[in-house]
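Working notes, beginning with the structure itself.
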Amino acid sequence: MNRATIIQTINDFLVEEFEVDASTISPTANMKETLDLDSLDYVDLVVIIESNFGVKLEGKDFQNIHTFDDLYEIVDQKFHTIA
Numbered sequence: 001m002n003r004a005t006i007i008q009t010i011n012d013f014l015v016e017e018f019e020v021d022a023s024t025i026s027p028t029a030n031m032k033e034t035l036d037l038d039s040l041d042y043v044d045l046v047v048i049i050e051s052n053f054g055v056k057l058e059g060k061d062f063q064n065i066h067t068f069d070d071l072y073e074i075v076d077q078k079f080h081t082i083a
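Quick note on numbering: the UniProt record's numbering labels position 11 of the sequence shown as 11, and the sequence is numbered without any gaps.
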């Protein structure tokens, strides 16, 4: 799976599962401000990512995720580590 596919997949489930306006998702946008998710939503986000990509995300991974591009990067790295 290439990075463009990873980005599209993540964006699609953000729109579908979290009812995010697709126009607000950009690589440099702040995830916390854009998504306005609570802690349970973040747990849901982790579960969705792990099940869609077959990766394991840890709490320390999310400490370094501020923008959507940060999220894309960590998923891309972890996906290609297991592939």
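Each residue gets a CB set at the ideal place from its N, CA and C atoms; glycine is no exception.
1. In terms of alpha-carbon separation, which member of Tyr72, Thr5, His66 and Ile82 lies closest to Asp36?
2. Three-state secondary structure (DSSP) at Thr30?
3. Asp12: buried (16+ other C-beta within 10 angstroms of its C-beta) or exposed?
4. Please report the distance separating the alpha-carbon of Val43 from that of Glu50.
5. Just list the residues that DSSP pairs residue 85 with in beta bridges.
Inspection of the coordinates gives the following:
1. His66
2. For the record, residue 30 in the displayed sequence is Asn; it is not Thr. Correct three-state label for Asn30: strand.
3. Under this definition Asp12 is an exposed residue.
4. 11 Å
5. Shown here, the chain extends from 1 to 83; a query on residue 85 therefore has no answer.
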